[in-house]
Amino acid sequence: MKFAIRFGVPEMQELWERLSIDAKEGTLSGSDATLYKRLAKAVLLLEANPRYPGLQSHEIEVLSRRYGRKVWQSYLQNNTPAAGRIFWVYGQGQGDITIIGVEPHPEDATSRGYERVELSDLPPQEKSEKL
């Protein structure tokens, strides 16, 4: 099954649009270019298989409890201080995955762990047309 990837609003949608436009225009900064490359790769992998071993996707129970639905974390990179992570949920529609956050690894010694993670809202539900 191939999943449709959506971006949470407003933060994730705005981030993806900005990175995509800057990439097309060739104006990405060094750190944004790295983020765009890693995020684009993760999106392709999630779309094909959210359980792809390199993503190391797993539920984050503390965020699932806070947001009232299963929140998953996948790796953007490994073995790096403050390694990037994406947070996502299944849905809003069947076959959808919605990316609701991009953060450095929340268990970094200088942070408060998952307490500081703030996630985007889901995009509005698309209305299906009745025939």
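Each residue of the sequence shown is one higher than the one before, counting from 1390 in our numbering. All C-beta atoms, glycine included, are put in the ideal place defined by N, C-alpha and C.
7 Å Cβ cutoff met for residue i and residue j
i: L1417; j: Y1425; result: yes
i: R1458; j: V1478; result: yes
Proximity winner among the options, relative to residue i (alpha-carbon distances)
i: E1436; options: F1392, D1510, G1482, V1491; result: F1392
i: S1420; options: G1473, N1467, M1390; result: G1473
i: P1513; options: G1480, A1422, G1415; result: G1480
i: M1401; options: A1429, G1415, K1413; result: A1429
i: H1447; options: Y1441, P1439, N1438, W1461; result: W1461
i: P1442; options: N1467, P1399, E1414; result: N1467
i: L1465; options: V1451, P1493, I1449, R1440; result: P1493
As assigned by DSSP and simplified to three states, the class of residue i
i: S1463; result: strand
i: R1458; result: coil
i: G1419; result: helix
i: G1484; result: coil
Cutoff 7 Å; reference residue i; Cβ partners in own chain excluding five residues on either side
i: I1394; result: V1432, L1435, E1436, I1486, I1488
Contacting residues, own chain, Cβ-Cβ under 8 Å from residue i (five flanking each side not counted)
i: P1495; result: R1474, G1502, Y1503, R1505, V1506
i: M1390; result: G1484
i: S1453; result: K1459, V1460
Chain-order list of residues whose beta-carbon lies under 6 Å from that of residue i (same chain, five-residue window excluded)
i: G1490; result: F1476, L1508
Hey, which unbroken runs of the alpha helix (DSSP H) at 4 residues or more fall wholly within the stretch 1394–1418?
-> 1400–1414
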